[in-house]
Amino acid sequence: MKTYQPKKEGKVYLVGAGPGDPGLITVKGADTLRQADVIVYDRLANPELLDYTPEDSEHIYVGKKPGKPSVSQEQINTILVAKAQDGKTVVRLKGGDPFVFGRGGEECEALKAQQVAYEVIPGISSALSAPLFAGIPVTHRKVARSFTVVTGHTITGTNAFDNWGHLAHADTLVVLMGVKNLAKITDLLIGLGKDRSTPVAVIGKATYKDQQTVLGTLENIAEKASHSTPPATIVIGELAAKADELAWFKEKQTQLLGSQAKESASKLAHFAG
């Protein structure tokens, strides 16, 4: 006689992968990866995080790259629903935080519409961690009492001045996904009356060992950071100048390079001997 086994109910976990360094994922996020049957992951989620997953888990890459063919959001929603309805524990691994420019809300809406159980586990957004790793506080007593986060992915169109008008007056303005539009952004803010000498920092590959920070002003940062490529975070405001004073991670990078150089020299000496 066969024993009836009720079908396992699937569930989707939207997990924030953090800003890049795999050590910056939350404890709960890492624990959830260890229990996953299926991992659906983005381009900005560090692939080293897949080391947390079971050996027999299924990995589905759905990363989007500007100008390249990619999986549509509708297709991603379909994958999540289908895998969960098949009784799988699904982790949707998203760079940064799922609800900060990550379409996490849209995915939750799609899951709810199909009555699929889901849970959202926050991650550290690059909007906060990139400035921090560059030595830039986004707020500072007597300098900036607030900060604003905006996407720089699309700033064209007749309503650009209307949409960005209030941003010219932000204490600290953090722009995500905007490095390709850096010249347009700086020109727009200057046109809206922001001082040309306002400090600006462009932080590339934030939290990674090869993180790089380019400093300038609204007037010259587009030229100085012309070779910067995504992923990069732009910080605009007086506090961007703090990167010269408080660049703790840059000092750590220098120490790491020094240690690596000594190790290489030691190995060469060993072989030479």
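So for the sequence shown, full-length UniProt numbering puts the first residue at 1; every next one is plus one.
The beta carbon of each residue, even a glycine, is placed where N, CA and C say it ideally should be.
Note that this is a predicted model, so its numbers are computed, not measured.
(1) Check P98 in the structure and name its three-state DSSP category.
(2) How far does the beta strand (DSSP E) with A117 in it reach, from first residue to last?
(3) Can you list, in chain order, the residues of its chain with a C-beta nearer than 7 Å to that of A232? Leave out the 5 residues immediately preceding and following it.
(4) Given this structure, state the Cα-to-Cα distance separating H169 from N181, to the nearest angstrom.
(5) List, from N- to C-terminal side, the alpha helix (DSSP H) runs of 4 residues or more that fit wholly inside the region 12 to 98.
(6) Could you give the uninterrupted runs of the alpha helix (DSSP H) lying entirely in the region 155 to 192, keeping only those of 4 residues or more?
(7) Taking C-beta to C-beta, are V91 and A110 nearer than 8 Å?
(8) Ends of the alpha helix (DSSP H) at P131?
(9) Tell whether a beta-carbon distance below 8 Å holds between K64 and A17.
(10) When the Cβ atoms of the region 43 to 62 are set against those of the region 236 to 243, are three or more pairs found closer than 8 Å?
(11) Bridge partners for I213 per DSSP, in chain order?
(12) At what residues does the alpha helix (DSSP H) containing I221 begin and finish?
(13) Please report the straight-line C-alpha distance between Q212 and L192, rounded to a whole angstrom.
So, to answer that:
(1) coil
(2) 117 to 121
(3) V179, V202, I203, G204
(4) 20 Å
(5) 27 to 34, 73 to 85
(6) 160 to 164, 182 to 191
(7) no
(8) 126 to 133
(9) no
(10) no
(11) A small fix is needed here, since residue 213 is Thr in this sequence, not Ile. T213 is bridged to I203.
(12) 221 to 224
(13) 29 Å
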